[in-house]
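Encoded as structure tokens, the structure appears first; notes follow it.
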Amino acid sequence: MTRNRTLFAAAALGLSATLVAACGGDDATTAGGGASEAAGGSSGEDVTLTWWHNGNNDPALGYWQGIADEYEAQNPNVSIEISALQNEDLRTRLTAALQSNDPPDLFQQWGGGEMQQQVESGLLMDLTDEIPDAIEPVGGSAAGWTVDDRVYGLPFSLGVVGVWYNQALFEEAGISETPETLEEFLSVTAQLKDAGITPVAVGAADKWPAAHWWYYAAVRECDQDTLEEAGQTFDFSDPCFVRAGEVVQEIVEAEPFNEGYLGTSAQQGATSSAGLLATGEVAMELMGHWNPSVMEGLTEDGTGLGEDLGWFPFPTTDGEGDPTAALGGGDGFSCSAQAPPECADFLAFVMSPENQEGFGGTGIGIPTVAGTQEAVADENLAVLADYRDEAPYVQLYLDTAYGPNVGGALNDAVALLFAGEATPEDVVEAVEAAAATQ
Amino acid sequence: MPTHTPVTPGRATARPGGPARARRGSTGNDWRRRAEVALLVLPALALFLTFVLVPMVQAAYYSLFNWNGLEALDDFIGFGNYSLALGDPVFRDAIGHNLLIVVLSILIQLPLGLGIALLLNRDIRGRGVLRTLIFVPYVLAEVVAGVIWLLMLQPNGVVDEAMASVGLGGLRQLWLGDPDVVLFTLMVVLTWKYVGFAIILFLAGLQGVPQELHEAAALDGASWWQTQWNITIPLLGPTIRIWVFLSMIGSLQLFDMVWIMTGGGPANASSTMVTYLISQGFERFRFGYGSAVAVILFAVSFLLAITYQQLVMRRDTAPTSGRVR
Chain A
1 MTRNRTLFAA
11 AALGLSATLV
21 AACGGDDATT
31 AGGGASEAAG
41 GSSGEDVTLT
51 WWHNGNNDPA
61 LGYWQGIADE
71 YEAQNPNVSI
81 EISALQNEDL
91 RTRLTAALQS
101 NDPPDLFQQW
111 GGGEMQQQVE
121 SGLLMDLTDE
131 IPDAIEPVGG
141 SAAGWTVDDR
151 VYGLPFSLGV
161 VGVWYNQALF
171 EEAGISETPE
181 TLEEFLSVTA
191 QLKDAGITPV
201 AVGAADKWPA
211 AHWWYYAAVR
221 ECDQDTLEEA
231 GQTFDFSDPC
241 FVRAGEVVQE
251 IVEAEPFNEG
261 YLGTSAQQGA
271 TSSAGLLATG
281 EVAMELMGHW
291 NPSVMEGLTE
301 DGTGLGEDLG
311 WFPFPTTDGE
321 GDPTAALGGG
331 DGFSCSAQAP
341 PECADFLAFV
351 MSPENQEGFG
361 GTGIGIPTVA
371 GTQEAVADEN
381 LAVLADYRDE
391 APYVQLYLDT
401 AYGPNVGGAL
411 NDAVALLFAG
421 EATPEDVVEA
431 VEAAAATQ
Chain B
1 MPTHTPVTPG
11 RATARPGGPA
21 RARRGSTGND
31 WRRRAEVALL
41 VLPALALFLT
51 FVLVPMVQAA
61 YYSLFNWNGL
71 EALDDFIGFG
81 NYSLALGDPV
91 FRDAIGHNLL
101 IVVLSILIQL
111 PLGLGIALLL
121 NRDIRGRGVL
131 RTLIFVPYVL
141 AEVVAGVIWL
151 LMLQPNGVVD
161 EAMASVGLGG
171 LRQLWLGDPD
181 VVLFTLMVVL
191 TWKYVGFAII
201 LFLAGLQGVP
211 QELHEAAALD
221 GASWWQTQWN
231 ITIPLLGPTI
241 RIWVFLSMIG
251 SLQLFDMVWI
261 MTGGGPANAS
271 STMVTYLISQ
281 GFERFRFGYG
291 SAVAVILFAV
301 SFLLAITYQQ
311 LVMRRDTAPT
321 SGRVR
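One line per chain: the protein sequences are A and B, in this order. Letter by letter, the first sequence follows residues 1 to 438 in full-length UniProt numbering. Letter by letter, the second sequence follows residues 1 to 325 in full-length UniProt numbering.
Rendered as structure tokens:
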């Protein structure tokens, strides 16, 4: 699960279609609403809940099984059937199940534009009044799982993107402090180059790793309202979006990236961008919270960079965005509209502070319930969790937030910007053109 | 150059019909035969209808809608998807890449395949082993071959190291990372992958060239090269024309290798019609638009196939019945 971003991108690409033709959606919605009882209400009749998640490896697999067993013990009338599926398989099957109007009761949910389409087709249970006590402590982290102030899913893990770096290489180049502003960042890359070290790795062949630079630049250049509105109306006329491209262009023109970055993949093998960081070939990579575990898989001893690995936030600019805002995303669960009320109750159980602490201890993600972050054992992940919690808001990855069509066009255009074949204006135009075909 | 008599292809020996056929003329038998044929064809016909014809008609229908594959199919936009596609420079580039691959495949693989086939047709030591080796890339799954080459062509990968070790280090390239180079890198890999098929096909065709003609030519004092040029290659004509046809269609529908190695990148420099179709249709959930691209791909392939059949392959397929009488 920690590696969701790869899978995530693959799935954003995925063969999955997300929504059902609106048939049957209407009764489904009323069924969800009408069944609401007092929070935690269990009807007492025998109920079987089907639960699809992507934790098909330990520790996630065992952890989720334990949660289900415990809930069954406390609620003898409920039995839970788990399908733990590899990520792409899950998405393919989920799509088919949603289309045939036979979805699992509780299932993996990544939020954003894709979830919004599910909501519009009446496929999801509105959790807002079902389990308010579980929603409240998640706070702003649930923003990506909220449509029109109604909550349709709850994230159990939410991470942020930032710069992973090699402390030993920084030392070697005589850099004592991590950069905070764009100028400092550029001077650090220059210093690294002077020391004969490749500053930054980016897997631009996969497009989304390159696009992350643009997303983050947009978070710095645009204020929250502009970003949010753009996600709803696809109006990108605010000049901050062009400025985001200019920030990226400035970075690209400083040539900090690994040789052949246009053809470099993100996570496949030692020559991928994560592999280059893991093997000490480059000093930095902009990536999400899953990166340490990905890097472990790419080194022979299975430790990645080990003690040398460090993390710092994306540099600030003078833009209109909050300099402490974060870009991120995570994993959540939704109940289908036709699920019994026990589904929401079980989700509340999954999200209980004790269970969230247990989750934090597994090292597979960063829990979202307030007060449970202390449980995060990994040092770097703890730094990242602090940054996330202090951020005024966490902007969902823009390709997820804007949905596959517009998000895909954005990623393509940013990849061209990295290749020097598109201008900052072209990126905005490409996104608007895609939005026009929505 | 001495003039040579035109030779009728070896196919002339296999004559359908003949005296036996005339005796079996009664209508009763005829109907039985037809019923048998119909019965035997039925399963294939059903499969063809279900998995080829119906999806094709469906795709043509979907292509007239703006549709994300999920909502109701009600946003009819006529030929809007087609004009969008044909107006998209990325798609036009992709068509250009496909046509370039068609031409380069023929220009490179035809002489190469023919040359190797002629050499391998001679009695040389280890011929069987050589034939097998040459055919291995073709048999290898495209995905596997793609991954192997992807790894070898990484910066500082096996290919770069090998070139450096023989003093060609200066020619090192970003084989898959440079938009100006990537298509030619792919051409090399495609040639490696598919030239074996041409060779095997040509070798099979060479079995049909009668040995006596070679002996006759030798008696006339023709050199090996003259024999090949004036006798073998003209007799290989039908085989060559069929290979060109298959190569063209394959090049137009090229997908796996490109998808694995470059995904159509960098900067769309190696996109083909099918990689474009996949990225637009399945990655972006634009199923109506993707259908339009598929229809265009079908039209281009169909047009090229028909034209080629009419202009080039006609002589290979038409005259048999005429000569029998």
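Ideal placement from N, C-alpha and C gives every residue a C-beta, glycine not left out.
Nearest-angstrom Cα distance between residue i and residue j?
i	j	result
Thr264/A	Met261/B	10 Å
Ser100/A	Asn56/A	24 Å
Asp322/A	Phe241/A	15 Å
Leu254/B	Asn98/B	8 Å
Gly33/A	Ala419/A	For Gly33/A, the predicted model reports a pLDDT of 36, less than 50, meaning its position is unreliable and no value from the coordinates is stated.
Arg172/B	Gly146/B	20 Å
Gly403/A	Asp301/A	38 Å
Glu136/A	Ala385/A	19 Å
Glu383/A	Ala270/A	In the sequence on display, residue 383/A carries Val and not Glu. Between Val383/A and Ala270/A, the C-alpha separation is close to 26 Å.
Thr95/A	Phe257/A	37 Å
Gln109/B	Gly250/B	13 Å
Glu357/A	Ala278/A	29 Å
Leu73/B	Trp67/B	6 Å
Leu190/B	Pro137/B	10 Å
Leu246/B	Glu259/A	38 Å
Asp331/A	Phe156/A	6 Å
Thr50/A	Gly281/B	31 Å
Glu161/B	Glu114/A	45 Å
Ala292/B	Leu277/B	9 Å
Asp46/A	Asp126/A	23 Å
Gly282/A	Leu168/B	As written in the sequence, residue 282/A is Val, which differs from the Gly given in the question. Near 26 Å, if we compare the C-alpha coordinates of Leu168/B and Val282/A.
Val376/A	Phe346/A	23 Å
Report the CB separation of residue i from residue j in whole angstroms; it is logged as a contact under 8 Å.
i	j	result
Thr189/A	Ala266/A	No, Thr189/A and Ala266/A are not in contact; Cβ-Cβ is about 20 Å, not under 8 Å.
Phe333/A	Gly153/A	6 Å
Val160/A	His289/A	7 Å
Can you find the residues in the same chain that come closer than 7 Å, C-beta to C-beta, to residue i, ignoring five residues on each side of it along the sequence?
i	result
Val147/A	Gln116, Val119
Ala97/A	Pro103, Pro104
Phe76/B	Leu64, Phe65
Gln310/B	none
Thr48/A	Ser79, Glu81
Gly322/B	For Gly322/B, the predicted model reports a pLDDT of 45, less than 50, meaning its position is unreliable; a value from the coordinates is still stated below. Here the set comprises nothing.
Arg23/B	With a pLDDT of only 49 at Arg23/B, under the threshold of 50, the placement of this residue in the model should not be trusted; the figure read from the coordinates follows. There are no such residues.
At 7 Å on the CB atoms, spell out the chain B contacts of residue i, in chain order.
i	result
Leu416/A	Ala267
Gly408/A	Glu283, Arg284
Could you tell me which chain B residues have their CB closer than 8 Å to the CB of residue i, listed as they occur along the chain?
i	result
Thr437/A	Asn66, Leu84, Arg286, Tyr289
Asn405/A	Asn68, Arg284, Phe285, Arg286
Excluding sequence positions up to five away, which residues of its chain have a Cβ less than 8 Å from the Cβ of residue i?
i	result
Gly203/A	Pro209, Ala210, Tyr261, Thr264, Ser265, Ala266, Gln267, Ser272, Ser273, Ala274
Leu410/A	Ala211, Trp214, Leu398, Asp399, Tyr402, Val427, Ala430, Val431, Ala434
Asp256/B	Glu142, Val143, Gly146
Asp238/A	Cys222, Thr226, Ala230
Determine the chain A residues that contact residue i at a beta-carbon separation under 9 Å, and present them in chain order.
i	result
Thr262/B	Ala205, Gly263
Trp155/B	The question names Trp, but residue 155/B in the sequence shown is Pro. Chain A residues near Pro155/B: Asn258, Glu259, Gly260, Gly263, Thr264, Thr271.
Leu174/B	Glu259, Gly260, Leu262, Gly263
Leu171/B	By Cβ distance, chain A contributes nothing, its closest Cβ being about 15 Å from Leu171/B, past 9 Å.
Please report the residue range of the beta strand (DSSP E) in which residue i lies.
i	result
Ser251/B	That residue, Ser251/B, is in no beta strand (DSSP E); its alpha helix (DSSP H) goes 237-252.
Met287/A	282-287
Pro155/A	154-160
Excluding the 5 residues flanking residue i on each side, which residues of the same chain have their C-beta closer than 6 Å to its C-beta?
i	result
Ala269/B	Pro179, Val182
Phe349/A	Tyr71
Thr128/A	Arg150, Val151
Leu61/A	Gly55, Ala84
Ser105/B	Ser247, Ser251
Got a sec, what are the start and stop residues for the alpha helix (DSSP H) residue i sits in?
i	result
Thr437/A	Looking at the DSSP string, Thr437/A is not in any alpha helix (DSSP H), and its letter there is neither H nor E.
Ala201/A	Looking at the DSSP string, Ala201/A is not in any alpha helix (DSSP H); the run it does join, the beta strand (DSSP E), is 198-201.
Ser334/A	Where Ser334/A is concerned, there is no enclosing alpha helix (DSSP H), although the beta strand (DSSP E) it sits in stretches over 326-335.
Leu61/A	60-74
Val78/A	Element bounds for Val78/A: not the alpha helix (DSSP H) but the beta strand (DSSP E), 78-84.
Name, please, each residue of chain A whose Cβ falls closer than 7 Å to the Cβ of residue i.
i	result
Glu215/B	Within chain A, no residue comes near Glu215/B; the closest Cβ sits about 55 Å away, beyond 7 Å.
Under 8 Å Cβ-Cβ, which residues of chain A neighbour residue i?
i	result
Gly237/B	Simply none; closest approach about 41 Å.
Pro179/B	Leu262, Ala419, Glu421
Leu303/B	Going along chain A, no residue has its Cβ under 8 Å from Leu303/B, so there is no contact; the nearest lies around 27 Å.
Taking 8 Å as the cut-off, is the beta-carbon of residue i closer than that to any non-hydrogen atom of the ligand ADP?
i	result
Asn355/A	Although the ligand ADP was asked about, the structure shown includes no ligands whatsoever.
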